[in-house]
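Q: This structure is in structure tokens; I'll ask about it shortly.
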Amino acid sequence: MHRALIHFIGGAQYKEIVPPLIDFSPSFKEPILPEPQEIQGDSEQTPIPTNGVILLDASSSMLLQADGKLKMETAKSAVKGFASMMGKESDLSLYVYGHAGTQNKSDKALSCSTIDEIYPLAVYDEKKFDEAVDQVKASGWTPLAGAIKQAHTDHEDTDADITLYIVSDGAETCDGDPIAEAESFAELAQDRHVNVIGFQVDQTAEDQLKKVAEAGNGTYMAADTLEEMTSSIAKVWLPSDLDLATLVYQTPIGWPEAMAYETVRRSSDKITFAINTENDRFAGAAALLEEEELIDEQTAQDLLEIIENTRTEYHDMMKVTEDKKRAMIKTEVDRITALVDAYKIRMEDLKKEQGK
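Numbering (this note's numbering), first residue to last: 560 to 915.
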């Protein structure tokens with residue numbers, strides 16, 4: 560009888576409201592914590608460009624796990640952090656490629672031809688930029704050459720200097736020539752560069768990506784972890800006292816943390832409301848069946864007991880999931896805060912040693 564109630568008048572909205580809670584994972588900006596030793600010996604640093612154009616790889620390989628997280632999520636976190644720092648001095652643009660279709664051969668044409676500028680070149684707006692990054696989903700092929708060419712075409716008439724920052728974990732798979740495209744882009748002007756960050760790439764991909772950077776009069780940087788990814792796409796400098804004082808703003812403590820908890824709470828409240836509404840509907844149906852003498856009193860009581868036990872079970876399951884998501888938020892906040900605190904202490908000690 561209970562199964563019949565579920566089939567005929569059960570809550571169909573569960574398919575829409577449960578996944579957001581199940582799939583929720585805190586995605587705070589990774590702090591930019593540049594290491595001074597990375598620039599030791601350099602006589603000259605590359606200046607921050609007037610325009611920074613980020614090409615973000617969203618091909619299916621970015622769905623693989625790295626350090627317990629999807630590579631796509633790691634890349635998105637690093638790109639957000641990078642933009643928050645670089646956007647202080649540069650206009651930014653964000654392109655995404657590999658996000659259309661699937662890795663199936665039937666989707667190759669679609670995937671390889673879809674390159675979108677999801678944040679048009681403009682002054683950095685944190686909210687709009689982060690929203691653009693958040694919508695990216697990894698799925699298809701890797702039109703690296705096409706992405707470089709599209710950025711080239713779209714910004715060919717831009718007078719000021721432009722640097723492309725390619726964030727990728729693999730080589731071209733759409734039959735294009737990214738090396739030639741990088742060279743063509745760099746040949747437009749001396750102040751055009753193509754920098755490449757290879758994230759956990761294999762030897763074949765690294766060989767190609769290094770050649771892309773070389774052809775684009777840029778730099779190739781390898782990254783195997785989130786920290787390396789973030790550091791690789793940041794301008795490196797010995798932080799000033801002001802930089803150290805404002806490090807607190809690179810932690811999620813405060814508004815970002817509160818919003819993460821609020822997201823979990825809202826999802827939980829929707830599920831709780833749906834469970835209670837369904838329970839009331841089932842209880843009403845049981846009472847009506849008894850009133851119409853379609854079931855006897857004992858059967859109605861047994862059915863109501865099953866309905867209530869199921870409601871309790873659903874609530875318990877939801878509460879366990881909610882607590883797990885809250886714990887994930889706290890763990891991530893603590894991790895980032897510990898990174899920032901340790902970095903601040905290290906940099907303060909280093910500056911004292913150097914008499915700065």
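Each residue gets a CB set at the ideal place from its N, CA and C atoms; glycine is no exception.
ILE830 and ILE576 - do their beta-carbons sit closer together than 8 Å?
A: Here residue 576 refers to the residue found at position 17 when the sequence shown is read from its first residue. Here residue 830 refers to the residue found at position 271 when the sequence shown is read from its first residue. Cβ distance < 8 Å, so ILE576 and ILE830 count as in contact.
Q: Identify, in the order they occur along the chain, each residue of the same chain with its Cβ nearer than 6 Å to the Cβ of SER826, setting aside the five sequence neighbours on each side.
A: Numbered from its first residue, the sequence shown carries residue 826 at position 267. Same-chain partners within the cutoff: PRO579 and LEU580.
Q: TYR724 and GLY757 - do their beta-carbons sit closer together than 8 Å?
A: Residue 757 sits at position 198 when you count from the first residue of the sequence shown. Residue 724 sits at position 165 when you count from the first residue of the sequence shown. Not closer than 8 Å, so no.
Q: What do you reckon, are the CB atoms on SER652 and LEU680 nearer than 8 Å?
A: The sequence position of residue 652 within the sequence shown is 93, counting from 1. The sequence position of residue 680 within the sequence shown is 121, counting from 1. Cβ atoms of SER652 and LEU680: closer than 8 Å.
Q: Can you check whether the C-beta of SER636 is within less than 8 Å of a C-beta belonging to chain B?
A: Absent from the structure is chain B; it holds one protein chain and no more.
Q: Would you check if the distance between the CB atom of ALA571 and the CB atom of TYR654 is smaller than 8 Å?
A: Your numbering for residue 571 matches position 12 in the sequence shown. Your numbering for residue 654 matches position 95 in the sequence shown. It is not a contact, given that the beta carbons lie outside the stated cut-off.
Q: So, helix, strand or coil for GLU837, using DSSP?
A: Locating residue 837 in the sequence shown gives position 278, where the first residue counts as 1. The answer is helix: DSSP assigns GLU837 an H, G or I state.
Q: Using DSSP bridges, identify the partner residues of PHE758.
A: The count along the sequence shown starts at 1 and reaches residue 758 at position 199. ALA782.
Q: Alpha carbon to alpha carbon, how far is ALA819 from GLU891? Give it in angstroms, no decimals.
A: Locating residue 891 in the sequence shown gives position 332, counting from the first residue. Locating residue 819 in the sequence shown gives position 260, counting from the first residue. Straight-line Cα distance between these residues: approximately 11 Å.
Q: Which same chain residues, not among the five before or five after GLN694, have their C-beta less than 8 Å away from its C-beta?
A: Start at 1 with the first residue of the sequence shown, and residue 694 comes out as number 135. For GLN694, where only same-chain residues beyond five positions count, the Cβ hits under 8 Å are ILE677.
Q: Quick one, which of LEU747, GLU731 and ALA697 has its alpha-carbon nearest ILE721's?
A: Here residue 721 refers to the residue found at position 162 when the sequence shown is read from its first residue. Per the Cα distances, LEU747.
Q: Compare the C-alpha of VAL771 against each of HIS714, ALA901 and GLY735 and name the closest.
A: On the sequence shown, position 212 is the one that residue 771 refers to. Here the closest residue by C-alpha is GLY735.
Q: Measure the alpha-carbon distance for SER602 versus GLU821 and round it to whole angstroms.
A: Walking along the sequence shown from the start, residue 602 turns up at place 43. Walking along the sequence shown from the start, residue 821 turns up at place 262. At SER602, the pLDDT of 37 sits below 50, so the modelled position is not reliable; the number obtained from the coordinates is stated separately. Looking at the two C-alpha atoms, the distance is approximately 48 Å.
Q: Straight-line CA distance for VAL753 to ASP684?
A: As a working mapping, residue 753 is identified with position 194 in the sequence shown. As a working mapping, residue 684 is identified with position 125 in the sequence shown. The alpha-carbon atoms of VAL753 and ASP684 are separated by roughly 23 Å.
Q: If the criterion is Cβ atoms closer than 8 Å, does the pair PRO702 and GLY640 meet it?
A: In the sequence shown, the residue the question calls residue 702 occupies position 143. In the sequence shown, the residue the question calls residue 640 occupies position 81. Their beta carbons are not under 8 Å apart, which means PRO702 does not touch GLY640 by this criterion.
Q: Would a C-beta distance cut-off of 8 Å place GLY508 and VAL755 closer than the cut-off?
A: Nothing can be reported for residue 508, as the shown portion of the chain is limited to 560 through 915.
Q: For THR896 and LEU806, I'd like the C-alpha separation in whole angstroms.
A: Stepping through the sequence shown from its first residue, residue 896 is reached at position 337. Stepping through the sequence shown from its first residue, residue 806 is reached at position 247. Between THR896 and LEU806, the C-alpha separation is close to 10 Å.
Q: If you draw a straight line from the alpha carbon of LEU782 to that of ASP761, how long is it in whole angstroms?
A: Counted from its first residue, the sequence shown places residue 782 at position 223. Counted from its first residue, the sequence shown places residue 761 at position 202. The amino acid at residue 782 is misidentified as Leu; the sequence shows Ala. Whole-angstrom Cα-Cα distance: 12 Å.
Q: Cutting at 8 Å between CB atoms, please list the residues of its own chain near LEU916, excluding the five before and the five after it.
A: Since the displayed the chain opens at 560 and closes at 915, residue 916 lies outside it and no answer follows.
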